[in-house]
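Structure first, then comments.
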Amino acid sequence: MSKLWQARFFTTANHLRELPTTQVPEIAFAGRSNAGKSTAINILCNQKGLAFASKTPGRTQHINYFSIGGAHIAQHRKDETKVDEIRALLVDLPGYGYAEVSGSAKLHWQQLLGDYVQQREQLAALVLMMDSRRPFTDLDLQMLQWFAPTGKPVHCILTKVDKLNRNDSTNALRQARTVLASYIDEQGQPFPFTAQLFSALKRVGLEEANDKIIELAGLTEEATQLAMAALTESGADDVNGDKQSI
Ligand SMILES: Nc1nc2c(ncn2[C@@H]2O[C@H](COP(=O)(O)OP(=O)(O)O)[C@@H](O)[C@H]2O)c(=O)[nH]1
Ligand SMILES: [Mg+2]
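Residues in the sequence shown are numbered from 0 upward in steps of one, following numbering that gives the first Met the number 0.
As structure tokens, this is what we get:
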């Protein structure tokens, strides 16, 4: 059972000032509307209705937060989430590029997205969802350009690969990796950008996506043990038993 299955709705934000004050790693999911983002989040978290998946694109115009930890899958869904036990947050960003969103609303969201990915310290990594038939549209490239200077990882998920034959999907992945490799920093070093193929429909790339997200969120067993060790150590150093500083 994946740790992602523990995901629960946590909070929603419409402005940067409404973002939670939690200090745990955030993994944000971005993509054009209709790229298959909600479907992918739902399937990765093994919950049908977690993120809103719709045939009407552009309807999820909020930043939605889902918590990992602080509640368990076996617990009743109405039990409160213990905020101080949350280990990581999945962040569903509003889909961009939906033509029918009006000018001012579009601007508001583009600015919010830009500010969030560039400035949010808790943001550990970006998962960029792109339709494997139409990857790297202008707005996808804009996201990469905003995020690259942070030096944080981007994992590109090429969705709906069931729509491509084997040859075309192999090419799509190769081309995506070429595009990502073309981003280099001032020292000529590549950015930590990765890519994979995915299909919610055919359950392709599920395990790969899951493992990558767990790694990026610092939720591997090894990371958990390191965090526990650090906690014990800082607790032992603290002669007054005051654990506020952790
Ligand atoms: N063929 C196929 N269709 C998909 C897949 N994932 C999502 N879709 C469809 O693509 C449309 C948009 O999906 P949704 O998850 O709402 O996209 P979002 O706007 O990025 O959140 C819906 O009609 C989904 O059923 C997939 O893996 N394969
Ligand atoms: Mg959606």
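The beta-carbon is built from N, C-alpha and C at its ideal position, and this holds for glycine as well.
This one's a predicted model, so the numbers in the text were calculated from it and none came from an experiment.
Applying the 10 Å Cβ sphere with the 16-neighbour rule, what's the burial state of residue i?
i, result
"H154", "buried"
"I42", "buried"
"E17", "exposed"
"G102", "exposed"
"T177", "exposed"
"A228", "exposed"
"R31", "buried"
"I40", "buried"
"E25", "buried"
"K47", "exposed"
"L3", "buried"
"A226", "exposed"
"I213", "buried"
"G150", "exposed"
"L15", "exposed"
Give me the Cα-Cα distance between residue i and residue j, rounded to the nearest whole angstrom.
i, j, result
"A6", "F197", "20 Å"
"K211", "A34", "19 Å"
"T158", "F28", "13 Å"
"L106", "R202", "35 Å"
"Q188", "M128", "24 Å"
"D78", "F8", "12 Å"
"K81", "I67", "10 Å"
"Q117", "F190", "15 Å"
"V97", "D167", "Per the sequence shown, residue 97 should be read as Tyr rather than Val. Rounded to whole angstroms, Y97 to D167 spans 26 Å at the Cα level."
"T38", "F51", "8 Å"
"R119", "Q109", "15 Å"
"Q174", "L215", "23 Å"
"S181", "E232", "42 Å"
"I183", "G204", "27 Å"
"F146", "T21", "21 Å"
"E221", "N45", "24 Å"
"V126", "K36", "10 Å"
"T223", "Q60", "33 Å"
"L200", "L49", "17 Å"
Cβ atoms of residue j and residue i: under 7 Å apart, would you say?
i, j, result
"V23", "I62", "no"
"F65", "L89", "yes"
"T10", "P19", "yes"
"A124", "P148", "no"
"L218", "A87", "yes"
"L138", "Y95", "yes"
"L172", "F192", "no"
"Q195", "E207", "yes"
"S1", "N170", "no"
Ligand 4 heavy atoms versus the CB of residue i: any closer than 6 Å?
i, result
"K159", "As far as ligands go, the structure on display features ligand 1 and ligand 2 and does not contain ligand 4."
Problem set entry | Stretch pair the stretch 155–168 + the stretch 122–136: three plus CB contacts closer than 8 Å | Contact between the stretch 155–168 and the stretch 122–136 is present, because at least three Cβ pairs lie under 8 Å.
Problem set entry | the stretch 104–124 in contact with the stretch 137–149 per 3-pair CB rule at 8 Å | Cβ pair count under 8 Å is three or more, so yes.
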